[in-house]
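Quick note, the sequences are listed as chains H and D, same order.
The first sequence: position 146 = 146 (this note's numbering), numbered continuously.
So the mapping is simple: this note's numbering equals the position in the second sequence, first residue as 1, plus 1000.
The structure under discussion appears below in the form of structure tokens.
Number of protein chains: 2
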Amino acid sequence: MSDLRTVPTLDDVARAAGVSTATVSRCLNSPERVVEQTRKRVMAAVEALGYTPNFGARVMAAKRTFTIGAIIPTMENAIFARGLQAFQEELHTRGYTLLVASSAYQPKIEEEQIRSLVARGADGLLLIGHDRDPSVYQYLKARSIPVLSAWVYLPESGQPTVGFDNRQSMRALAQQVIDFGHQKIAVISGITKGNDRAAARLAGLRDALAANGLDPKTMPVVETPYEIENGAVAFQTLMCAENRPTVVMCGNDVLAVGALRGARDMGLSVPEDVSITGFDDIELARIVTPQITTVHVPHREMGRKAAIALIDMVEKRGTGDTIELKSTVQLRDSLRDLTR
Amino acid sequence: MSDLRTVPTLDDVARAAGVSTATVSRCLNSPERVVEQTRKRVMAAVEALGYTPNFGARVMAAKRTFTIGAIIPTMENAIFARGLQAFQEELHTRGYTLLVASSAYQPKIEEEQIRSLVARGADGLLLIGHDRDPSVYQYLKARSIPVLSAWVYLPESGQPTVGFDNRQSMRALAQQVIDFGHQKIAVISGITKGNDRAAARLAGLRDALAANGLDPKTMPVVETPYEIENGAVAFQTLMCAENRPTVVMCGNDVLAVGALRGARDMGLSVPEDVSITGFDDIELARIVTPQITTVHVPHREMGRKAAIALIDMVEKRGTGDTIELKSTVQLRDSLRDLTR
DNA sequence: ACCTCCAGTGTAAGCGCTTACATTTGAATC
DNA sequence: GATTCAAATGTAAGCGCTTACACTGGAGGT
């Protein structure tokens, strides 16, 4: 029958085991420094009282929290889920805990979340992308909190990043599309403001056009938040314009799936009437009919490597590497080869 | 030029503003108790120093953290995403922060996460389902941490739950299936052990069969983790048995989408050759072709109500309501009406 | 027998904050 | 001008933990 009114503290355990608080603390944090017999006694008391260390107190007294914070733009679609899961798994095997918050793609909320996680003692932070107010990085630097930007590869930024080159990747896909004989390309992009991934992908698209003697300026572009519904709407907008495109390239798979639905709603068949491409290669891309041509991104590997790199930074084993992952064009049914 | 080597504390702010630490604290926590002029001076100092309260210290000194913890089985698929997003939004408008952890459907990890969140001072906890070791509830009770179980409605459990009746919901869907003339029903269920939602859904299925003079014992069932790939495999297993079912009912939409893919791979068309049903009505169900007949669950509403109920428990020390939400059968193309 | 040394343990000083209680201030009242 | 009293602010005691440092006793060296 334990006391229901109060939570046991280190003191209680110490008293119950007949040792000092220091010994109890050592049993918990560096067991090898306590002789077996004592340790057993202490552990028994811990067990008997159902003691759990108070995290706040621990953070205050020590410095480390073995907590990593991650802030992702959204939990609602699967873009970040897989990578984050891998990130979490790797952290877990290394004894760290992951705290996740989502910013709903809003810089203000993201800053709030950053402060919140830092205040909670996060040893390090994983952020998505790199495009944010410099004051954020200053703030983090002043507190010497290591930050790693993922989902992007920006060696020139001077900050550690783990990811792939969004611009090059999209350019490669666009090159493939052009090689297939497409000249009239329309684009459904994510909101580029405050989202360097979306911006880079759009830039890559323009690169490809320019490199092939096409005028990027004439390319129709709709920017819209990453949501299926928006993809459908944007698609219809683009297809209703004069001079219909032969292919609609989307900033990510979610938009592409939306475009696909837009096509279905308009009674257009893909890829016979119009081709559609995506980006990310989330599960969705292989589930829909037709399956979507997209850029495959090694999400799990990115998550794992991000975890390793960030822990290295936290534990001072490195200043933070910049790691590039390779993406690959994933050809599937939604893209038609017009040359055949 | 600020000192990069040390993080400003309440003391620093107090000194900079020429007041005591108590006044600074009051400015931050109950501004109305400080006269305007002083408050301005303090806030200016806070701004100038870039001060952020140390969360650990705050937790220790006060009791409240305005943090709610949630542990979900997985982040990898969308089942919980929407509800959780709504949960988070509602918390945010009420001044609470959400900390999310995932348990990978493993009770051991879930317990670990619970302890971790409690140690971090979570004022309340949201858990998915209700089926877990009693010691967990004891632990939480001993610390008077309110817990709310969501995604289930269990008035008889004596614990607050916010959700729908999984058993009844599935039974209703099965009734519809039977009314459409299906007699040979096969099932792809989630792992029922340690997952009361999956178990209840399966039970609801059996209820419906029994109520219609069908023998639940002869119903083929495959249990498999909630993943698309598994759905495909399970589907093929079921369809290769003798006495093919006319309908494969799945424990959730993810499995149903997998089954759909399984059918495609086998060259079967849905619903002509075989019908498929899901559960949850996540976005996925409407994206695939054919769209999946499923049970619609008001995820966002559930999330919102869960937030409100949990905060009530935290603030009012009330015992917590049990709230039932209504699910509805959502007929779509993947289910064939054999009577016509 | 004496000294060293060290593994094992205890003592106690904070970590940065909130808040009960004490003190000061100044406007209002007599 | 003296008195009263509420509002504004200050003082200081913890919250539960880690860890530098102090202490103890026994093994090993001389």
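Beta carbons: idealized from backbone N, C-alpha and C, even for Gly.
As assigned by DSSP and simplified to three states, the class of residue i
i, result
"L1331 (chain D)", "coil"
"P1271 (chain D)", "coil"
"L1284 (chain D)", "helix"
"D3 (chain H)", "Any reading at D3 (chain H) must be qualified, since the residue scores a pLDDT of 41, below 50, and its modelled position is unreliable; the value itself is stated next. It is coil, neither helix nor strand."
"A1309 (chain D)", "helix"
"T277 (chain H)", "strand"
"T93 (chain H)", "helix"
"R1293 (chain D)", "Correcting the residue identity first, residue 1293 (chain D) is Thr in this sequence and not Arg. Strand at T1293 (chain D)."
"M60 (chain H)", "helix"
"V35 (chain H)", "coil"
"S116 (chain H)", "helix"
"E223 (chain H)", "strand"
"M249 (chain H)", "strand"
"R70 (chain H)", "Note that residue 70 (chain H) corresponds to Ala in the displayed sequence, not to Arg. Residue state, collapsed to three classes: strand."
"E1324 (chain D)", "strand"
"I1228 (chain D)", "helix"
"G158 (chain H)", "coil"
"G83 (chain H)", "helix"
"G181 (chain H)", "coil"
"L1238 (chain D)", "helix"
"P1216 (chain D)", "helix"
"V19 (chain H)", "coil"
"Q168 (chain H)", "helix"
"N1029 (chain D)", "helix"
"L10 (chain H)", "helix"
"S350 (chain H)", "Past the boundaries of the shown model lies residue 350 (chain H); chain H is included only from 1 to 340, so the question cannot be answered."
"K316 (chain H)", "coil"
"G1204 (chain D)", "helix"
"E301 (chain H)", "helix"
"E111 (chain H)", "helix"
"M75 (chain H)", "coil"
"L260 (chain H)", "helix"
"V1233 (chain D)", "helix"
8 Å Cβ shell around residue i - same chain, five flanking residues per side excluded
i, result
"L49 (chain H)", "S2, P8, D12, V13, A16"
"V19 (chain H)", "T38, R41, V42"
"V288 (chain H)", "V257, L260"
"L1331 (chain D)", "Q1176, T1293"
"S25 (chain H)", "L10"
Same chain, Cβ closer than 7 Å to residue i, neighbours up to 5 away in sequence not counted
i, result
"A208 (chain H)", "R171, A174, Q175, I178"
"M1249 (chain D)", "A1174, V1177, I1185, V1187, L1205, T1277"
"D1333 (chain D)", "P1271, P1290, Q1291"
"V1118 (chain D)", "R1143, I1145"
"P155 (chain H)", "T322"
"E1111 (chain D)", "V1136"
"A241 (chain H)", "P220"
Own chain, CB closer than 6 Å to residue i, minus 5 neighbours either side, in chain order
i, result
"K165 (chain H)", "The amino acid occupying residue 165 (chain H) in the given sequence is Asp; Lys does not appear at that position. Around D165 (chain H): Y153."
"L4 (chain H)", "At L4 (chain H), the pLDDT of 42 sits below 50, so the modelled position is not reliable; the number obtained from the coordinates is stated separately. Nothing listed; no residue qualifies."
"A1234 (chain D)", "I1188, V1222, T1224"
"S1169 (chain D)", "V1295, S1327"
"A1045 (chain D)", "V1013, A1016, A1017"
"Y1051 (chain D)", "P1008, V1013"
Residue i: CB within 7 Å of a non-hydrogen atom of the ligand FAD
i, result
"P146 (chain H)", "For the structure depicted, the ligand FAD is absent and the ligand set is empty, with no information on it obtainable."
Paired residues, beta bridge with residue i - DSSP
i, result
"I128 (chain H)", "H:A150"
"S189 (chain H)", "H:E223"
"V1100 (chain D)", "H:V100, D:A1070"
"G163 (chain H)", "H:E324"
Determine, using beta-carbon pairs with one atom in the segment 152-161 of chain H and one in the segment 316-328 of chain H, whether at least three such pairs fall under 8 Å. With a cut-off of 8 Å, the segment 316-328 of chain H and the segment 152-161 of chain H count as touching, because enough Cβ pairs lie within range.
Return the residues of the segment 1031-1065 of chain D that lie within a Cβ-Cβ distance of less than 7 Å from chain H, sorted by chain order. Listed by position along the chain: G1050, T1052, P1053, N1054, F1055, G1056, A1057, V1059, M1060.
Any contact of the segment 1193-1209 of chain D with the segment 1265-1276 of chain D, i.e. 3+ C-beta pairs under 8 Å? These segments do not touch.
Given 8 Å, three or more beta-carbon pairs between the segment 1120-1130 of chain D and the segment 1144-1154 of chain D: In short, these stretches touch, since the Cβ pair count reaches three.
Quick check: the segment 53-69 of chain H against the segment 89-104 of chain H, are there 3 or more CB pairs under 8 Å? Yes, they touch.
Given 8 Å, three or more beta-carbon pairs between the segment 227-240 of chain H and the segment 102-111 of chain H: Judged by Cβ distances under 8 Å, the segment 227-240 of chain H makes no contact with the segment 102-111 of chain H, as fewer than three pairs qualify.
Short of 9 Å Cβ to Cβ, which residues in the segment 1073-1105 of chain D face chain H? Taking 9 Å as the upper bound on Cβ-Cβ separation, chain H lies near residues T1074, M1075, E1076, N1077, A1078, F1080, A1081, R1082, L1084, Q1085, Q1088, E1089, H1092, T1097, L1098, L1099, V1100, A1101, S1102, A1104 of the segment 1073-1105 of chain D.
Residues, ordered as in the chain, of the segment 141-164 of chain H that lie near chain D by beta-carbon distance below 9 Å: So the close ones are K141, A142, R143, S144.
For the segment 1114-1133 of chain D, list every residue whose C-beta sits within 8 Å of some C-beta in chain H, in sequence order. Answer in chain order: R1115, S1116, V1118, A1119, R1120, G1121.
Residues in the segment 1286-1319 of chain D with C-beta within 7 Å of chain H's C-beta atoms, listed in sequence order? Of all residues in the segment 1286-1319 of chain D, only I1287, V1288, T1289 come within less than 7 Å of chain H when Cβ atoms are compared, listed by chain position.
Note down, in chain order, all residues in the segment 1212-1233 of chain D with a beta-carbon under 8 Å from any beta-carbon belonging to chain H. So the close ones are I1228.
Members of the segment 1269-1287 of chain D near chain H, C-beta cut-off 9 Å: So the close ones are E1283, L1284, R1286, I1287.
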